[in-house]
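Structure first, commentary second.
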Amino acid sequence: MKYLFILLILIVASYADDLSTLLNSYKHDSGLSKITKKEEAGIIDIYTRQDLEDMQAKTFEDVLRILPGFHMTRTSNNIVSIQKPTTSNVQFTSIRFYVNDHDMSSTSFGSAALIWGELPIEYIDHIEVYKGASSIEFGNETGSIILKLYTKTAQRDNGGKLRILADNYGSSNVDTYLASTLNKFSYFAYANINNIHKKEYTNTYKDQKYNLKSNRSGHNLYANLQYEKWLLELGSYHKESDNFLGLGIHKTPTDGGLNADHHYMHLSKKFNNDIKLQFSYDNLSYSRTYIDPNGIKVANAPIINDYNIKFDDEIFSTTLEKKIKLKKHSFLIGGFYKKKKFKEHAYLSDTMYKYNYNGNSSNAIDMYSLYAEYIYNFNQTTKIIASVKEDIYNYQKDIDSKDELSSKLGFIKYIDDFHIKAFITSNYVPTNMIQLYNPDNIPYKSNPNLDNMHLNIGTCSLNYKKDKHNIKFIIAHNILKNIIMYDPKTLYGYKNSSQTIKYTRYDFKYTYLFDMYNKFAFDIFTGSNSKDLKSSPKYGSILQLFSKYKMFNIYNEITYKNNYEFLGISVNHSINYTASIKYHYSKDLSFGLRAENIFDNSYAQVYKGLNYAIPVTDQKVWFNLEYLF
Amino acid sequence: MVQFGVSILKKIIFLLLIATVLFSSDLKTEQKIYKLIIHALLPNKKDIKVWSDTKSKENLLRGIDDIVYVSSPTKANFVLLSKDKKTNKDVIKFVTNIQLLEAQQNNVVGGFFWQKGRPNILFLRRNLKEHNITLPESMQEYIEDEI
Numbered sequence: 005m006k007y008l009f010i011l012l013i014l015i016v017a018s019y020a021d022d023l024s025t026l027l028n029s030y031k032h033d034s035g036l037s038k039i040t041k042k043e044e045a046g047i048i049d050i051y052t053r054q055d056l057e058d059m060q061a062k063t064f065e066d067v068l069r070i071l072p073g074f075h076m077t078r079t080s081n082n083i084v085s086i087q088k089p090t091t092s093n094v095q096f097t098s099i100r101f102y103v104n105d106h107d108m109s110s111t112s113f114g115s116a117a118l119i120w121g122e123l124p125i126e127y128i129d130h131i132e133v134y135k136g137a138s139s140i141e142f143g144n145e146t147g148s149i150i151l152k153l154y155t156k157t158a159q160r161d162n163g164g165k166l167r168i169l170a171d172n173y174g175s176s177n178v179d180t181y182l183a184s185t186l187n188k189f190s191y192f193a194y195a196n197i198n199n200i201h202k203k204e205y206t207n208t209y210k211d212q213k214y215n216l217k218s219n220r221s222g223h224n225l226y227a228n229l230q231y232e233k234w235l236l237e238l239g240s241y242h243k244e245s246d247n248f249l250g251l252g253i254h255k256t257p258t259d260g261g262l263n264a265d266h267h268y269m270h271l272s273k274k275f276n277n278d279i280k281l282q283f284s285y286d287n288l289s290y291s292r293t294y295i296d297p298n299g300i301k302v303a304n305a306p307i308i309n310d311y312n313i314k315f316d317d318e319i320f321s322t323t324l325e326k327k328i329k330l331k332k333h334s335f336l337i338g339g340f341y342k343k344k345k346f347k348e349h350a351y352l353s354d355t356m357y358k359y360n361y362n363g364n365s366s367n368a369i370d371m372y373s374l375y376a377e378y379i380y381n382f383n384q385t386t387k388i389i390a391s392v393k394e395d396i397y398n399y400q401k402d403i404d405s406k407d408e409l410s411s412k413l414g415f416i417k418y419i420d421d422f423h424i425k426a427f428i429t430s431n432y433v434p435t436n437m438i439q440l441y442n443p444d445n446i447p448y449k450s451n452p453n454l455d456n457m458h459l460n461i462g463t464c465s466l467n468y469k470k471d472k473h474n475i476k477f478i479i480a481h482n483i484l485k486n487i488i489m490y491d492p493k494t495l496y497g498y499k500n501s502s503q504t505i506k507y508t509r510y511d512f513k514y515t516y517l518f519d520m521y522n523k524f525a526f527d528i529f530t531g532s533n534s535k536d537l538k539s540s541p542k543y544g545s546i547l548q549l550f551s552k553y554k555m556f557n558i559y560n561e562i563t564y565k566n567n568y569e570f571l572g573i574s575v576n577h578s579i580n581y582t583a584s585i586k587y588h589y590s591k592d593l594s595f596g597l598r599a600e601n602i603f604d605n606s607y608a609q610v611y612k613g614l615n616y617a618i619p620v621t622d623q624k625v626w627f628n629l630e631y632l633f
Numbered sequence: 007m008v009q010f011g012v013s014i015l016k017k018i019i020f021l022l023l024i025a026t027v028l029f030s031s032d033l034k035t036e037q038k039i040y041k042l043i044i045h046a047l048l049p050n051k052k053d054i055k056v057w058s059d060t061k062s063k064e065n066l067l068r069g070i071d072d073i074v075y076v077s078s079p080t081k082a083n084f085v086l087l088s089k090d091k092k093t094n095k096d097v098i099k100f101v102t103n104i105q106l107l108e109a110q111q112n113n114v115v116g117g118f119f120w121q122k123g124r125p126n127i128l129f130l131r132r133n134l135k136e137h138n139i140t141l142p143e144s145m146q147e148y149i150e151d152e153i
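Protein chains in written order, with my numbering: chain A, 5 to 633; chain B, 7 to 153.
The structure is reproduced here in structure tokens:
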């Protein structure tokens with residue numbers, strides 16, 4: 005009896021920790037990504053809330069940088085972009101960027117992903133990235149890379165938070181949010197203001213030095229109001245940035261920049277019987293000024309020095325969806341209508357005002373789409389997915405109506421510790437307005453012959469998960485037809501190529517989970533294309549180590565890219581080492597440091613017109629303060 | 007002496023229950039937490055009868071093996087509330103969200119809820135006292151005088 009009592013006392017002694025462990029375990033097991041992820045949609049990479057917090061991620065860039073299978077880069081006019089190994093930037097039209105159910109669409113650019121790449125993400129709970137997808141499951145416009153960002157919820161984040169970030173370049177980034185629920189009503193409101201300074205580079209032309217600046221500033225506002233099954237979301241993102249190299253022939257900018265705004269509202273209502281109705285409105289404005297004293301080449305104009313261009317988009321959208329779940333069969337049937345308006349205005353001139361052009365163009369699309377997905381569950385370990393989507397584009401003028409069919413077949417199977425996923429997708433990349441109305445093509449005229457690019461994707465992943473080990477191998481094969489290329493010698497600039505490009509990507513990932521706080525992840529990927537293009541590194545690798553020691557969260561990250569040569573410039577191997585540490589002074593107050601690109605050896609991008617490659621990531625140290633109230 | 011023996015016996019029963027929870031892996035973490043809370047609040051009850059006002063929590067409680075789910079709050083000695091609902095004053099009430107805990111702070115013994123992005127457990131000292139509940143030493147850190 006005495007020994008039994010001592011044993012039980014020992015259990016009690018350890019119990020306090022165990023209840024705390026149970027709470028932590030509950031937090032870990034209840035991640036919202038477990039609810040939102042759609043296995044049937046494609047191959048997924050998930051960045052959980054815990055991952056983002058441990059990484060001390062500030063903006064979406066911090067996630068894109070470690071996205072397996074891609075290199076994150078920036079374009080010559082300072083837009084964050086991604087590249088598949090060996091190829092140049094992925095077309096923005098094939099990337100769908102979502103915040104919850106809202107697709108950040110754009111009439112001018114196809115997708116507003118081009119301005120959202122540096123989005124401050126403190127209001128984001130978790131991020132899902134679907135590759136080789138068709139987007140049918142998400143009931144919106146077509147894309148092959150789906151970036152789904154899910155916001156924090158009032159139900160879980162009752163209270164508020166203040167986060168202040170500052171770096172050694174003098175940058176600042178402040179986030180705050182408030183959330184509350186009351187009976188059937190809840191709200192979540194978020195605000196960010198940022199002023200980011202980046203390393204300045206120079207370019208010398210005719211003994212004159214030109215500064216290549218890439219600073220940016222802006223704000224991000226988001227709010228949602230929920231009443232029973234109604235959800236209203238409001239978002240407003242403002243971004244101002246330098247032009248970096250700009251568009252000049254010799255990359256010698258003296259002024260200019262981007263001024264972009266994207267405001268949106270999204271109303272959704274879930275009815276009984278799994279019916280969902282959504283309305284949304286987007287207003288996007290994108291204004292650029294390029295000033296280069298040594299000339300900017302525009303297709304049908306003499307050399308100019310001052311190039312001002314503005315795009316205004318308005319998008320109205322209505323979506324209706326119904327889900328039906330039977331014992332072995334699941335159906336998703338839906339349709340949407342979108343009105344996508346487009347306006348373009350440009351003012352071009354040379355220094356002496358001998359030449360100037362003031363032009364406008366506009367158009368609008370009525371887009372109708374019907375889609376359906378069917379899942380047959382053979383049993384608990386096997387399922388087959390079939391989905392189809394028909395899109396109809398009716399242009400207000402100049403361009404003939406088009407219709408496109410997308411389809412997908414998928415297979416998911418669990419065999420003991422193995423998990424197999426395979427998808428075949430027949431898809432297309434919608435042609436955006438700046439391709440149909442090439443702004444470089446003066447005077448403005450439409451390009452009625454330009455057709456959509458077609459894309460067939462075969463993807464297969466094999467996953468082995470046992471105990472603490474998780475091994476994943478992915479192979480993806482793309483066939484691109486009808487590729488849209490830029491050829492300044494042709495009448496319209498953009499043209500369809502008769503060539504077919506094949507691309508194959510391989511990705512191997514190993515994860516070891518020591519426990520819920522300590523994790524090791526290693527990823528190595530490569531790709532090859534049938535045209536022998538070598539615009540970016542062929543190999544990439546990511547190593548992450550998440551650790552916890554007492555009140556400290558420690559994070560280590562290494563991204564590796566192999567050497568490559570492009571436009572006659574050789575770029576060495578790069579090893580970008582980032583480390584962060586966060587001290588939890590209390591449950592509500594923490595302090596952190598994040599050192600980025602510690603070896604000052606990050607992936608460098610080659611640009612046409614510049615005789616050296618510029619690193620994508622700066623060497624920086626961020627100080628981070630987080631306070632929950 | 008008899009009182010001392012009963013007290014020791016109570017502790018042993020409670021400790022055995024904890025041991026059962028620790029070694030039972032078939033329950034979900036949330037169920038394990040509720041099982042611990044219920045047994046800590048009702049350490050002497052042989053047949054614990056529970057009730058909840060939402061279907062999801064009903065399903066959760068039904069999955070806990072050594073308690074009985076009853077069809078009415080009047081038959082229960084532990085009630086788990088997610089809505090602002092009037093129930094028998096004598097029954098032990100526990101809530102699932104912070105708003106209800108604030109609204110019902112004179113009636114409920116505590117809550118298990120999400121706040122500031124993390125799950126929290128909180129017991130109200132004065133309401134525990136009203137029900138003559140003494141929580142084990144290991145749960146003292148979750149007792150607060152006010153919300």
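Yeah, the Cβ is synthetic: ideal placement off N, Cα and C, and Gly gets one too.
These numbers were taken from a predicted model, which means no experiment stands behind them.
What are the boundary residues of the alpha helix (DSSP H) that residue i is part of?
i: residue 38/A; result: 37-40
i: residue 370/A; result: Premise fails: residue 370/A lies in the beta strand (DSSP E), 360-383, not in any alpha helix (DSSP H).
i: residue 119/A; result: 117-120
i: residue 54/A; result: 53-59
On a Cα-Cα basis, can you pick out the residue from the options that is closest to residue i?
i: residue 125/A; options: 57/A, 92/A, 75/A and 561/A; result: 57/A
i: residue 108/A; options: 486/A, 342/A, 274/A and 221/A; result: 342/A
i: residue 121/B; options: 165/A, 223/A and 562/A; result: 165/A
i: residue 286/A; options: 106/A, 139/A and 253/A; result: 106/A
i: residue 346/A; options: 115/A, 74/A and 69/A; result: 115/A
i: residue 34/B; options: 65/B, 57/B, 48/B and 104/B; result: 65/B
i: residue 30/A; options: 109/B, 118/B, 62/B and 69/B; result: 118/B
i: residue 532/A; options: 158/A, 92/A and 23/A; result: 92/A
Taking the straight line between their C-alpha atoms, what separation do you get for residue i and residue j?
i: residue 620/A; j: residue 396/A; result: 39 Å
i: residue 107/B; j: residue 78/B; result: 21 Å
i: residue 101/B; j: residue 194/A; result: 28 Å
i: residue 350/A; j: residue 443/A; result: 8 Å
i: residue 581/A; j: residue 65/A; result: 15 Å
i: residue 54/B; j: residue 186/A; result: 31 Å
i: residue 171/A; j: residue 102/A; result: 29 Å
i: residue 331/A; j: residue 388/A; result: 14 Å
i: residue 348/A; j: residue 492/A; result: 20 Å
i: residue 368/A; j: residue 407/A; result: 16 Å
i: residue 191/A; j: residue 378/A; result: 35 Å
i: residue 17/A; j: residue 144/B; result: Because the pLDDT of residue 17/A is 42, which lies under 50, any placement of that residue in the model is unreliable, and the number read from its coordinates should be weighed accordingly. Cα to Cα, the separation comes out at about 8 Å.
i: residue 391/A; j: residue 44/B; result: 47 Å
i: residue 148/B; j: residue 75/A; result: 47 Å
i: residue 284/A; j: residue 268/A; result: 7 Å
i: residue 133/B; j: residue 54/A; result: 35 Å
i: residue 58/B; j: residue 113/B; result: 16 Å
i: residue 327/A; j: residue 274/A; result: 11 Å
i: residue 11/A; j: residue 376/A; result: A caution first: residue 11/A carries a pLDDT of 45, below 50, which makes its placement in the model unreliable, though a value can still be read off. Approximately 60 Å between the Cα atoms of the pair.
Identify the continuous beta strand (DSSP E) that holds residue i and give its terminal residues.
i: residue 251/A; result: Unbroken run through residue 251/A: none, as it is neither H nor E.
i: residue 62/B; result: It is not in any beta strand (DSSP E) - residue 62/B instead sits in the alpha helix (DSSP H) that spans 61-68.
i: residue 37/B; result: Note, residue 37/B: premise wrong, no beta strand (DSSP E); alpha helix (DSSP H) at 35-47.
i: residue 396/A; result: 386-399
i: residue 439/A; result: From DSSP, residue 439/A is part of no beta strand (DSSP E) but of the alpha helix (DSSP H) over 437-440.
If contacts are defined as beta-carbon pairs under 8 Å, then residue i and residue j qualify, I think. What distance do you get, rounded to the angstrom?
i: residue 132/A; j: residue 414/A; result: Not a contact, Cβ separation roughly 17 Å.
i: residue 412/A; j: residue 386/A; result: Not really, about 17 Å apart at Cβ, beyond 8 Å.
i: residue 207/A; j: residue 155/A; result: The pair is not a contact, with the Cβ atoms about 40 Å apart (cut-off 8 Å).
i: residue 610/A; j: residue 573/A; result: 5 Å
i: residue 231/A; j: residue 239/A; result: Their Cβ separation, rounded to whole angstroms, is 19 Å, which puts residue 231/A and residue 239/A out of contact at 8 Å.
i: residue 308/A; j: residue 365/A; result: Going by Cβ atoms, the distance from residue 308/A to residue 365/A rounds to 18 Å, so no, they are not a contact pair.
Below 9 Å between beta carbons: does that hold for residue i and residue j?
i: residue 433/A; j: residue 98/A; result: yes
i: residue 115/B; j: residue 92/B; result: no
i: residue 440/A; j: residue 458/A; result: no
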